[in-house]
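Asks:
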Amino acid sequence: MELKRAGKSLKNIFFEYNTYIIFVLLFLICSFLSNQFLTSMNMRNIALQRSAPICVAIGMLFVILTGGIDLSVGSIMAFSGSLSAILVTNQGWHFIPSMCVGILSGAVFGSLTGVLVAYANMQGFVASLAVMTIARGAAFMITNGTPIKLAQGTLNILVDRAYFFPIIIIAILVAILFILIQNYTSYGRLVMAIGSNSMAVELAGIRTKRYIMSVYMLSGALAALGGIFVAARASTGSATIGIGTELEAIAACVIGGASLAGGRGLVFRTVAGVLVLALIGNIMNLMSIPAYPQDVIRGIIIILAVLMQLFTSKSEKTV
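The C-terminal residue of the sequence shown carries number 1055 in our numbering, and the numbering is unbroken.
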């Protein structure tokens, strides 16, 4: 009897903390597979590379919590990163106001998707697909298809060692902020409630459309911040920034335990999901695995993660 209870307890622990368990196991495996993995340089590179995906994935999570999806984040990254690069390079703006304008532009694109979903009753997939095309086209228009090289001391200050790598600090602060919003504010609770049962929330007298629009706006703003981070790291604003990032963000949310049906998902676990993908990509690069097999391996891992979440949710229902 006691063995049965212990087995059940271990099973519940695995279901509840599977993302963290996977992360720890992967970290240990990576440590054994390459002696370069635990070096300070490699850890710093992982942190710098994952700062943008963390911001994008958090924005995506809030959309997914309402039962939606946002395919436009990669294109918004390209537009906002390019716009900020143009403002500091061609217009001579200081990098802080140029970042603010870039983030605002992302919020505008996100709001457009939100209006289409919330007020025009379009499906999130279709609305965000349309905005994805618009934002990518706009990015090519403002850059004329030419990369915008950043001058030293502009946006690339965000990745300067002398300033303690600001993009890492900002990404951590963003994660902490949204953990607090999700767990300790009525906004966070209502977003999750809308995804669980939007009809019940509406019957309680809450205007769900405003909340649905706001999560897309948040997603756009965080995607824009991520695009600026990528431009800063590359010292270049480009219309090709962010290609495929929307899929990576969705994968990170799913690996982190978010339900694509809405109503379930945590910011901290989503960040862990981003780091799981980071470890996989990093160790494959250290082992010199070619790019195409890497894509196949990532795809298999995403499938396994989805199956694990489905199995977890079924087990929870039977308890």
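Note that beta-carbon positions come from the ideal geometry of N, C-alpha and C, so glycine has one too.
Please read all numbers here as calculations on a predicted model, not as lab measurements.
Could you give the residue range of the alpha helix (DSSP H) that holds Phe-901?
Replies: Looking at the DSSP string, Phe-901 is not in any alpha helix (DSSP H), and its letter there is neither H nor E.
Asks: Determine the DSSP secondary structure at Gly-973, reduced to helix, strand or coil.
Replies: In the displayed model, Gly-973 falls within a strand according to three-state DSSP.
Asks: Quick one, are the C-beta atoms of Leu-784 and Val-910 less than 8 Å apart?
Replies: no
Asks: Could you check whether Ala-975 and Ala-821 sit closer than 8 Å to each other, using their CB atoms as the reference points?
Replies: no
Asks: Can you tell me whether Tyr-855 is buried or exposed? The criterion is at least 16 other CB atoms within 10 Å of its CB, across all chains shown.
Replies: exposed
Asks: Could you tell me the distance, in whole angstroms, from the CA atom of Ile-1033 to the CA atom of Asn-771?
Replies: 22 Å
Asks: Is the distance from the Cβ of Leu-807 to the Cβ of Phe-861 below 8 Å?
Replies: yes
Asks: Taking the alpha-carbon of Leu-852 as reference, which of Ser-864, Ser-841, Asn-880, Ala-843 has the nearest alpha-carbon?
Replies: Ser-864
Asks: By Cβ distance below 7 Å, which residues in the same chain neighbour Phe-901 in space, the five residues on each side in sequence not counted?
Replies: Leu-784, Val-895
Asks: Does DSSP classify Ile-870 as helix, strand or coil?
Replies: In the structure shown, Ile-870 falls within a helical segment according to DSSP collapsed to helix, strand and coil.
Asks: I'd like the span of the alpha helix (DSSP H) that includes Phe-815, first residue to last.
Replies: 809-825
Asks: What number of angstroms, rounded off, separates the C-alpha of Arg-943 from the C-alpha of Ala-871?
Replies: 28 Å
Asks: Would you say Val-927 and Tyr-947 are within 8 Å of each other, going by their C-beta atoms?
Replies: Inclusion of Val-927 and Tyr-947 in the CB contact set at 8 Å is warranted, their separation being smaller than that value.
Asks: Mind checking whether Ile-903 and Phe-965 have CB atoms under 8 Å apart?
Replies: Yes, Cβ-Cβ distance for Ile-903 and Phe-965 is below 8 Å.
Asks: Quickly, what does DSSP pair Ile-884 with across the bridge? List them, please.
Replies: Gly-973
Asks: What three-state label does DSSP hand Gly-992 in the structure shown?
Replies: coil
Asks: Identify which residue in Ala-1014, Gly-992, Ser-1024, Leu-961 has its Cα closest to the Cα of Leu-801.
Replies: Gly-992
Asks: Does the distance from the CB of Gly-850 to the CB of Ser-816 come in under 8 Å?
Replies: no
Asks: If we call anything under 8 Å between Cβ atoms a contact, is Ala-866 one with Val-1010?
Replies: no
Asks: Could you work out which residue in Ala-898, Val-760, Ala-929 is closest to Ala-714 when comparing CA atoms only?
Replies: Since the displayed the chain opens at 737 and closes at 1055, residue 714 lies outside it and no answer follows.
Asks: For the candidate residues Asn-880, Gly-956, Gly-803, whose alpha-carbon lies nearest to that of Asn-933?
Replies: Gly-803
Asks: Beta carbon of Pro-789, beta carbon of Gly-962: below 8 Å?
Replies: yes
Asks: Between Ile-782 and Ala-970, is the Cβ-Cβ spacing less than 8 Å?
Replies: no
Asks: Would you list, in sequence order, the uninterrupted alpha helix (DSSP H) runs of no fewer than 4 residues that lie entirely inside the stretch 907-941?
Replies: 922-939
Asks: Quick check: the Cα distance between Ile-905 and Ile-893, rounded to an integer number of angstroms?
Replies: 13 Å
Asks: Would you kindly check if the distance between the Cβ of Ile-884 and the Cβ of Gly-973 is under 8 Å?
Replies: yes
Asks: How long is the line joining the alpha carbons of Met-813 and Leu-954, rounded to whole angstroms?
Replies: 13 Å
Asks: Which parts of the stretch 826-864 are runs of the alpha helix (DSSP H), unbroken and 4 residues or longer, counting only runs that do not cross its ends?
Replies: With a minimum length of 4 residues, the continuous alpha helix (DSSP H) runs that stay inside the stretch 826-864 are 831-854.
Asks: Spatial neighbours of Thr-1054 within its chain, please: C-beta separation below 6 Å, excluding the five flanking residues on both sides.
Replies: Because the pLDDT of Thr-1054 is 49, which lies under 50, any placement of that residue in the model is unreliable, and the question is left without a value.
Asks: Go ahead and pull the three-state DSSP assignment for Asn-771.
Replies: coil
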